[in-house]
Amino acid sequence: MLDDSKPSIDWDSLTFSFTETDRMFISKCEQGGEWEDGIMQDYQDLRISPASGVINYGQGLFEGMKARRSEDGRVLLFRPEFNARRSADGCRRLGMPPVSEEMFLDAVRKVVKENIRWLPPCGRGELYIRPLIFGSGAILGVAPAPEYTFLIYAVPVGPYFKGGMNPISLKVSDEYHRAAPGGSGGVKAIGNYAPGMMPSKNAKSEGYAEIIYLDAVNHRYIEEVGAANFFCVKDKIIYTPELTGTILPGITRMSTIELARSLGYEVQETKVDVKFAMTADEAFCAGTAAVISPIGSIEHSGEVAHYSDGGIGEITQELYTALTDIMNGRVEDKFGWTPEL
Ligand SMILES: *Cc1c(COP(=O)(O)O)cnc(C)c1O
């Protein structure tokens, strides 16, 4: 029986943090075989071999997407087929069996439906959907696991950065890198994230919201802002780091580029020198969790660049409004980006 009582949760104090919900999807696949149909079950702990590939060698990836409630009561996803495709690309890179787009989307819909009471009311948050694919079978040598698990759970969330749409302060790291050419930076491999925790935590203790990573070869081109993509605006031209395999191809990034171009802006996907970015008029970061978050300042080797006089840049605001209007179903979705549940 689906519990449709209201959860005892204060929607207005939601942050980007974990809340246990009701139901999750789970499916398994033997190496070389096909994915089982999978089942919905109560949210619960997993039983897993201590020798599983994911625990020992980090063979796994995640996805992140959101469902929202529109003012007129519809439940909207945002370009979920791109999460499905990105997960399949990631599976191939990590030696795991890809989940078909159809199965992925079907499972996402089931998870949202069976946790619908956790979907915040319109405008007060989102249901964050977290698909995982990982090597659950036991393996001792460094090699692909003999069995895989595809799992999806969902959590109600509020703003990713404390303070919501307030411009954030960032610090450029000269010491740490997120990814190197030929590595796994372009996929949402679970192993990419733990090495960023200590640098990010240190930056937070100094009062910054996140770290900006530079490229690992030249140490001068901006790659990403923690787990979000970087944009800056100078003389009305929008710049964002080009996808070279070390940067995660964000769906928010792609959508922001498409939207900006449709609004008549020139967008350059190129190498973005940190020195250039520090002379820009506006800067923001983009990701499912952060949506579009304005950047107020960037610190790099003792110098600080301030953007938009401490406020939200005009073009940043325009893109934020245009994107969130589509995501929340406030305007006609002429791109077809927001399939209903
Ligand atoms: C998930 C993620 C992003 C943003 O991708 P979206 O598809 O927009 O959510 C950017 N950078 C990193 C490192 C990420 O993990």
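Under my numbering, the residue at position 340 of the sequence shown is numbered 361, and the numbers go up by one with no gaps. A virtual CB, placed ideally from N, CA and C, is assigned to each residue, including glycine.
beta-carbon residue i near ligand 1 non-hydrogen atom, thresh 6 Å
i, result
"GLU245", "yes"
"ILE272", "yes"
"LYS209", "yes"
"LEU269", "yes"
"THR309", "yes"
"ALA105", "no"
"ASN349", "no"
"ASN187", "no"
"ALA248", "yes"
Coil, strand or helix - residue i by DSSP
i, result
"ILE333", "coil"
"ALA310", "coil"
"MET124", "helix"
"ARG145", "coil"
"ARG106", "helix"
"ASP354", "coil"
"ILE278", "helix"
"LEU191", "strand"
"GLU92", "coil"
"TYR169", "strand"
"PHE297", "helix"
"ALA201", "coil"
"LEU98", "strand"
Rounded distance between the beta-carbons of residue j and residue i, thought under 8 Å
i, j, result
"GLY156", "VAL208", "So it is not a contact: roughly 14 Å between Cβ atoms."
"ILE232", "PRO220", "5 Å"
"TYR174", "THR36", "About 18 Å separates the two Cβ atoms, so there is no contact after all."
"TYR242", "LYS192", "That belief does not hold up - the Cβ atoms of TYR242 and LYS192 are roughly 17 Å apart, past 8 Å."
"LEU362", "LYS87", "Wrong, their Cβ atoms sit about 12 Å apart, outside the cutoff."
"THR277", "ALA307", "5 Å"
"LEU359", "PHE99", "As written in the sequence, residue 359 is Thr, which differs from the Leu given in the question. Yes, they are in contact, since the Cβ atoms of THR359 and PHE99 sit about 6 Å apart, within 8 Å."
"GLY81", "ILE30", "29 Å between Cβ atoms; not a contact."
"GLU122", "ARG106", "6 Å"
Among the options, nearest to residue i - alpha-carbon criterion
i, options, result
"TRP32", "THR267, PRO142, ILE278 and ASP330", "PRO142"
"GLY332", "ALA343, THR342, SER318 and VAL325", "SER318"
"VAL238", "LEU264, PRO202 and GLY271", "PRO202"
"GLN48", "PHE171, GLY146 and GLU92", "It should be noted that the sequence gives Ser, not Gln, for residue 48. Residue PHE171 is the option with its Cα nearest to SER48."
"GLY79", "GLU245, LEU161 and SER29", "LEU161"
"THR132", "VAL176, CYS112 and ARG113", "Inspection of the sequence shows that residue 132 is occupied by Val rather than by Thr. For VAL132, the nearest C-alpha among the options comes from VAL176."
"HIS240", "GLY247, THR342, VAL293 and GLN289", "VAL293"
"PHE103", "SER314, ALA164 and VAL120", "VAL120"
"GLY179", "THR265, ARG282, VAL288 and ARG89", "ARG89"
"SER38", "ARG106, GLU122, ILE150 and ASP66", "ILE150"
"LEU97", "VAL129, GLU244 and PRO152", "VAL129"
"GLU227", "THR359, GLU320, MET124 and LEU344", "GLU320"
"ILE313", "GLY204, ALA249 and SER205", "ALA249"
"LYS222", "GLY204, LEU115 and GLY247", "GLY247"
"GLU55", "GLY206, PRO101, TYR169 and GLY111", "TYR169"
"SER34", "GLN62, GLU147, ILE316 and GLY357", "GLU147"
"GLN289", "PHE251, ALA326 and GLU324", "PHE251"
"SER405", "GLY94, GLN52 and LEU140", "The requested residue 405 does not occur in the structure, where the chain is confined to residues 22 to 362."
Span separating the alpha-carbon of residue i from that of residue j
i, j, result
"VAL295", "LEU235", "8 Å"
"ASP127", "ILE60", "11 Å"
"ALA72", "PRO167", "11 Å"
"CYS253", "GLU196", "23 Å"
"SER322", "PRO270", "28 Å"
"MET275", "THR337", "15 Å"
"ILE211", "PHE83", "7 Å"
"LEU340", "TYR260", "14 Å"
"ASP256", "ALA311", "25 Å"
"ILE189", "ALA224", "12 Å"
"TYR64", "GLY85", "18 Å"
"THR267", "ARG199", "8 Å"
"ASP330", "ASP302", "9 Å"
"LEU280", "ILE347", "10 Å"
"GLU92", "ARG68", "41 Å"
"GLU263", "THR40", "35 Å"
"ASN349", "CYS50", "35 Å"
"PRO118", "ASN213", "20 Å"
"ASP354", "LEU284", "14 Å"
"VAL351", "ILE137", "The sequence shown places Arg at residue 351, not Val. Roughly 20 Å separates the two Cα atoms."
"LEU344", "SER70", "43 Å"
"ARG113", "ALA164", "14 Å"
"ASN77", "GLU287", "46 Å"
"ALA159", "ASP110", "23 Å"
"SER194", "THR300", "18 Å"
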